[in-house]
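Number of protein chains: 2
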Amino acid sequence: MTTVLLPLTATSAACCIGDTCAPLTREPITPAGARDLSTLLKALADPMRLRLVSMIAAHEGGEACVCDLTEPLGLTQPTVSHHLKVLTDAGYLTRAKRGTWAYYTLVPGALDSVAALLRTV
Amino acid sequence: MTTVLLPLTATSAACCIGDTCAPLTREPITPAGARDLSTLLKALADPMRLRLVSMIAAHEGGEACVCDLTEPLGLTQPTVSHHLKVLTDAGYLTRAKRGTWAYYTLVPGALDSVAALLRTV
DNA sequence: TCGAAGCATAGACGCTCATCGATGTTTCGT
DNA sequence: ACGAAACATCGATGAGCGTCTATGCTTCGA
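Heads up: the protein sequence lines correspond to chains B and P, in order. The first sequence begins at 1 in the working numbering and counts up by one. The second sequence begins at 1001 in the working numbering and counts up by one.
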């Protein structure tokens, strides 16, 4: 499955006026919304995938190929490719193939979208 | 295990000046930091637990007992108690027992702390 | 043209986790 | 004192996931 979930818009974020939510009794998250958000969080809820995202963002040019990421993580190449696919399918990364190399880049605003969604829960 | 992980401080958040990170080549997340953040995200990366957090926050008084949450979720009481323990151990909820009832409350700023950490990845 | 390099995919294995039924513990009425 | 109610804990089970080895596909250089 290669469905892209991001970007998502924080639709029900107009709850907090000052620094606190005045009426705490807004409506709870919908079951479908909870399922979608949990899918996004599951993709990030792994130590190696978090390090992958961070290493790609910290790499020069904001992109990195698989060969750059395998050795510092101590994982095999298929495992790294698997994690990169999970992150790409969730919408956090994009893949650009140049020659024999596959360069992965962080999607701008992807992490911020999830962070914004977290406050709407 | 009942170790409380939250609250966490976003120590390396002084990266973005305007709306974009000027040097994208900051240092990547540490392995221990990735492990801790993944633990926090794992606790939230479940549809029922997201709905629990949302339902507790939306409930009157900002608190709810187990009996309030079992029926709308369609889960058994032991399963709901299990999820509430996971969320409490992660630092998202607090437990206050009054009589035979156990009232759960959302920890203020817990979700915002994780959201802030997400942008530091 | 052919071998090598980079990467993706397939299949398998072991572990974690979500959920359940059963049971123990505590507290409140009667 | 005793039964009932609310909740936590325990043990089991089935599904999902992270990781590996093996293999296939694509691209480049000799």
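Where a beta carbon is used, it is the ideal one built from N, C-alpha and C, also for glycine.
Supposed close pair residue i, residue j - CB separation, criterion 8 angstroms
| i | j | result |
| --- | --- | --- |
| P:V1086 | P:V1066 | Wrong, their Cβ atoms sit about 14 angstroms apart, outside the cutoff. |
| P:A1090 | P:A1043 | 4 angstroms |
| B:R119 | P:L1111 | 6 angstroms |
| B:V53 | P:V1121 | 6 angstroms |
Listed by chain order, chain P residues near residue i by CB distance under 8 angstroms
| i | result |
| --- | --- |
| B:V86 | Per Cβ cutoff of 8 angstroms: no residues; B:V86 is ~12 angstroms from chain P at best. |
| B:D89 | Going along chain P, no residue has its Cβ under 8 angstroms from B:D89, so there is no contact; the nearest lies around 15 angstroms. |
| B:R51 | P1028, I1029, P1031 and A1034 |
Residue i classed as buried or exposed, judged by whether at least 16 other C-beta atoms fall within 10 angstroms
| i | result |
| --- | --- |
| B:P108 | exposed |
| P:P1028 | buried |
| P:R1098 | exposed |
| P:G1033 | buried |
| P:L1117 | buried |
| B:W101 | exposed |
Per-residue contacts from residue i into chain B (C-beta, under 8 angstroms)
| i | result |
| --- | --- |
| P:R1098 | None at all; the shortest Cβ gap to chain B is about 19 angstroms. |
Beta-carbon spacing of residue i, residue j below 8 angstroms
| i | j | result |
| --- | --- | --- |
| P:T1192 | P:A1096 | Absent from the structure is residue 1192 of chain P, since the part of chain P shown begins at 1001 and ends at 1121. |
| P:P1047 | B:S113 | no |
| P:A1064 | P:Y1092 | no |
| B:R51 | P:P1031 | yes |
| P:A1045 | B:A45 | yes |
| P:L1075 | P:M1055 | no |
| B:R35 | B:H83 | no |
Within chain P, partners of residue i - CB distance below 7 angstroms
| i | result |
| --- | --- |
| B:V80 | Simply none; closest approach about 15 angstroms. |
Within chain B, partners of residue i - CB distance below 7 angstroms
| i | result |
| --- | --- |
| P:D1112 | R119 |
| P:L1075 | Ordered by position in chain B, no residue passes the 7 angstroms Cβ test against P:L1075, which lies about 12 angstroms from the chain. |
| P:A1064 | Going along chain B, no residue has its Cβ under 7 angstroms from P:A1064, so there is no contact; the nearest lies around 10 angstroms. |
Amino acids of chain B, ordered along the chain, whose beta-carbon sits closer than 9 angstroms to that of residue i
| i | result |
| --- | --- |
| P:D1068 | Within chain B, no residue comes near P:D1068; the closest Cβ sits about 12 angstroms away, beyond 9 angstroms. |
Cross-chain neighbours of residue i in chain P, by beta carbon under 9 angstroms
| i | result |
| --- | --- |
| B:E27 | S1054 and A1058 |
Report the residue ranges of all alpha helix (DSSP H) runs contained in full by the segment 86-121 of chain B; include only those spanning at least 4 residues, in chain order.
110-118
Whole runs of the alpha helix (DSSP H) within the segment 1055-1083 of chain P, excluding any shorter than 4 residues:
1066-1073
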